[in-house]
Amino acid sequence: IVWHFPFYTYSAPALLKQWMDVVLEYGWAHGSTGNALKDKIAFVVLTAGGTRESYAANQHNQFTLCEFLRPFEQAANLCKMIYLPPFAVHGTHMLTDQQLAAYANAYRRLLRKLTTAEYDTASISRFEYLNDWLSNKG
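Numbering-wise (this note's numbering), the sequence shown opens with residue 1349 and increments by one.
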């Protein structure tokens, strides 16, 4: 599952929350009989106006991006999914066309890797962002 959204006011749009409430249903997605999503991969892909550096303690946003995304991580845990770090595009209002194209290519590479290649989710989880894993892996 890829939760893909613009990061507004430190959260996802309300429609995504509604989707989660409807789809991640007790007895289907979680609970003693809810195993439909067990061992599936889940991660967030988002765009944010703030820079990566601004998402840190003692910076403008006070918390890391991953701290803001804890509800998604916990939803994945509740549904027995494997939660991976986010793929984030920061400073969107300042990006050039060339930078946007580079992010698009990285995202395409990420989706290909996650659907066609073998990888170790535990090693991926050591990275703060999936962007970092891609850079490290090539």
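Virtual Cβ for every residue (Gly too), placed ideally from N, Cα, C.
Status (buried if at least 16 other CB within 10 Å, exposed otherwise) for residue i
i     : result
E1466 : exposed
H1438 : buried
P1354 : exposed
N1406 : exposed
Y1356 : exposed
L1448 : exposed
Reference residue i, options the options, closest by Cα
i     : options                       : result
T1399 : A1436, A1454, D1445 and N1479 : A1436
V1393 : K1386, Q1366, A1454 and A1470 : A1454
M1442 : M1368, T1381, G1397 and S1380 : G1397
S1359 : T1395, V1370 and V1350        : T1395
T1412 : E1401, A1450 and Q1422        : E1401
K1365 : H1408, S1483 and A1423        : A1423
P1419 : L1482, G1382 and L1372        : L1372
P1434 : L1459, L1363 and W1376        : L1459
Identity of the residues DSSP links to residue i by a beta bridge
i     : result
V1370 : Per DSSP, none; premise fails for V1370.
P1361 : BP columns for P1361 are empty, so no partner.
F1353 : L1394
DSSP state of residue i mapped onto helix, strand, coil
i     : result
A1436 : strand
Any non-hydrogen atom of the ligand ADP closer than 7 Å to residue i Cβ
i     : result
K1461 : Although the ligand ADP was asked about, the structure shown includes no ligands whatsoever.
With a floor of 3 residues, list each beta strand (DSSP E) that falls wholly inside the region 1369-1411, ordered by position along the chain.
-> 1389-1395
Completely contained alpha helix (DSSP H) runs for the region 1438-1479, where each covers 4 or more residues | 1445-1464 and 1469-1472
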